[in-house]
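Novice:
Residue numbers (this note's numbering): 1325 to 1507.
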């Protein structure tokens, strides 16, 4: 809860990846709030003073996921809205702002994005969503302590760098600091 708030304010990419993980945690506990609190949240809390806040946060997420029919897959509307904003910003940086640095980073990543699309079940997703799914997959592989080939690592890096630039631009945009036409 506090981690999510901090990431939302400081690094939108980390926020999205964190929320993907939280959605998976909720699914892995079959939407059982008591088990989530007892087996997942409580062991991480330094003391019980935050227990009720976490219970409320996870309870709200469970309710949202159920009402949005996200039992098996998919992402919360609030994450989808951020993804739409990032996609809009991506298109703006490429087409309207003509951001040369972003274009270079994106062009470096695009072959890896397309390769990931072909190997996954994400054929209907846009490039921004695909990059986030790829980075989440890398996170899961690391958590499972699975080996990542040098070729895959290079692909993940190209996408990570592109997403990092987009994330920084997103926060600049949200803070009113991004001027699109000064490149």
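All C-beta atoms, glycine included, are put in the ideal place defined by N, C-alpha and C.
So the alpha helix (DSSP H) residue 1388 belongs to, where does it begin and stop?
Specialist: For this step, residue 1388 is matched to residue 64 along the chain shown. Run containing residue 1388: 1375 to 1391, per the alpha helix (DSSP H) assignment.
Novice: To which residues of the same chain is residue 1349 closer than 8 Å at the C-beta, ignoring the five residues directly before and after it?
Specialist: In the chain shown, counting from the first residue as 1, residue 1349 sits at position 25. Excluding positions up to five away in sequence, the list reads 1360 and 1364.
Novice: Round the Cβ separation of residue 1461 and residue 1486 to the nearest angstrom and send it over; I've been treating them as touching at under 8 Å.
Specialist: Locating residue 1461 in the chain shown gives position 137, counting from the first residue. Locating residue 1486 in the chain shown gives position 162, counting from the first residue. About 16 Å; that fails the 8 Å criterion.
Novice: Give the range of the alpha helix (DSSP H) segment to which residue 1339 is assigned.
Specialist: What you label residue 1339 is simply residue 15 of the chain shown in a count that begins at 1. Run containing residue 1339: 1336 to 1352, per the alpha helix (DSSP H) assignment.
Novice: Give the single residue among 1329, 1330, 1334 and 1494 whose Cα lies nearest to the Cα of residue 1415.
Specialist: Here the question's residue 1415 lines up with position 91 in the chain shown. Residue 1494 is the option with its Cα nearest to residue 1415.
Novice: Cβ of residue 1336 within 8 Å of Cβ of residue 1406?
Specialist: Taking the chain shown and counting its residues from 1, one reaches residue 1336 at position 12. Taking the chain shown and counting its residues from 1, one reaches residue 1406 at position 82. Going by C-beta atoms, residue 1336 is nearer than 8 Å to residue 1406.
Novice: With a threshold of 8 Å on Cβ separation, who are the neighbours of residue 1392 within its own chain once the five nearest residues in sequence on each side are excluded?
Specialist: As a first step, residue 1392 must be located in the chain shown, where it is residue number 68. Correct list, in chain order: 1398, 1400 and 1401.
Novice: Using 10 angstroms around the beta-carbon of residue 1343, count the other beta-carbons present and answer buried if the total reaches 16, otherwise exposed.
Specialist: Along the chain shown, read from residue 1 onward, the residue named residue 1343 stands at position 19. The residue in question, residue 1343, is buried, as its Cβ has 16 or more Cβ neighbours within 10 Å.
Novice: Taking the alpha carbon of residue 1326 as the point to measure from, which residue in 1382, 1352, 1443 and 1362 has its own alpha carbon closest?
Specialist: If you number the chain shown from 1, residue 1326 lands on position 2. Closest option to residue 1326, Cα to Cα, is 1382.
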